[in-house]
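Student: Residue numbers (my numbering): 2 to 350.
Quick look at the structure:
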């Protein structure tokens, strides 16, 4: 059994879990990145198991960071560090020339300024507009995924104005463009440009982004055309664009670099803790339920059933009929109605 100590950084974000295992010389010996689909404990357990399979049962000094990590850190009795501290630590060690870092996550966006030893963070943590989940929504609208959107954007010819501050507004912009025949390539590039505009205008708010700029987070690591759109908009040359090999792992790496000697655990023990269901006290106040019992719910359904639209058989109907079409941002609905108001036919897709 190996006896040397390692440091383990875990970054639990709104949509993904990232782990970084460093040896005693601060070399990255294992890392991985997975979507958790709200199964945070199970995903972390899978990643720690992968680390165990690679390095066996070593002693680690673990640290958790990220927007979804505080409660789990407390439940596992593992130290927690604030995300901006973790990112700043990794940048100072691995990219010390960085003047500005732009980071996009699953549901938040950040700009971090490094000025004269001071760190200033600007973050959009209230709304997921212009983040990774926004890109996923827009990709779904074009019947692809984020990687497919990136491939489309490589071949664009024109850019359209699309709102990125809200997914609903963006869909309202995109649907007419689709109806007018805009290509998927142009729409994909326009979606990425909308994310760029939202990040720069909404977070920088006029403060210049200049000097050496680093791009962090999963979307900017995996989507080359999104990163290219930032570089194009900020007019950065190669000398001022910091390319980082593991830019999607920087918070996890930084939390590992911040590990202290006080807390340590064998990987096997950490796996044992993760194998049990963890009860986390919620700090969220909840409203009263809509229905106090199953009987109350059934009574509600019975009341509402009285107001169902009356239907009629289209094949036997004679007379005038009226067709209504609702073309929304994500669905198309139509209804064929008889003269007396009966519903003859409906469609939703």
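Every residue, glycine too, gets a C-beta built ideally from N, C-alpha and C.
Would you identify the three-state DSSP class for residue 325, choosing helix, strand or coil?
Tutor: strand
Student: Pair every Cβ in the segment 232-246 with every Cβ in the segment 67-79, then say whether three or more of these pairs are closer than 8 Å.
Tutor: Result no; under three Cβ-Cβ pairs closer than 8 Å.
Student: Any idea if residue 48 is buried or exposed, counting beta-carbon neighbours within 10 angstroms, 16 or more meaning buried?
Tutor: buried
Student: Give every residue of the same chain whose Cβ lies closer than 6 Å to the Cβ of residue 321, excluding the five residues on either side of it in the sequence, and list them in chain order.
Tutor: 340
Student: Of all the CB atoms in chain C, is at least one closer than 9 Å to the CB of residue 13?
Tutor: Considering every chain present, this structure includes no chain C. It has just one protein chain.
Student: Return the chain-ordered list of same chain residues with a C-beta closer than 8 Å to the C-beta of residue 347, the five sequence neighbours on each side being excluded.
Tutor: 334, 335, 336 and 337
Student: Would residue 153 and residue 145 qualify as a contact pair, given that the criterion is a beta-carbon distance under 9 Å?
Tutor: yes
Student: To the nearest angstrom, report how far apart residue 1 and residue 131 are at their CA atoms.
Tutor: Summary: the structure shown does not reach residue 1, with the chain confined to residues 2 through 350, and so no result is reported for it.
Student: Mind checking who residue 312 pairs with in its DSSP beta bridge?
Tutor: The partner list for residue 312 (beta bridge, DSSP) reads 344.
Student: Can you give me the start and stop residues for the alpha helix (DSSP H) that residue 108 sits inside?
Tutor: Run containing residue 108: none; DSSP gives neither H nor E here.
Student: Report yes or no: do three or more beta-carbon pairs, one from the segment 86-103 and one from the segment 200-216, lie closer than 8 Å?
Tutor: yes
Student: On the DSSP letters alone, give me the boundaries of the beta strand (DSSP E) that residue 63 sits inside.
Tutor: It spans 60-66 - the beta strand (DSSP E) in which residue 63 sits, taken as one unbroken run.
Student: Relative to the C-alpha of residue 122, which candidate in 133, 109, 134 and 128 has its C-alpha closest?
Tutor: 109
Student: Determine the direct distance from the alpha carbon of residue 12 to that of residue 18, and round the result to whole angstroms.
Tutor: So the alpha carbons of these two residues sit roughly 6 Å apart.
Student: Check whether the Cβ atoms of residue 149 and residue 143 sit closer than 9 Å, and answer yes or no.
Tutor: yes
Student: Take the Cβ of residue 298 as the centre, count every other Cβ of all protein chains shown within 10 Å, and call the residue buried at 16 or more, exposed below.
Tutor: exposed
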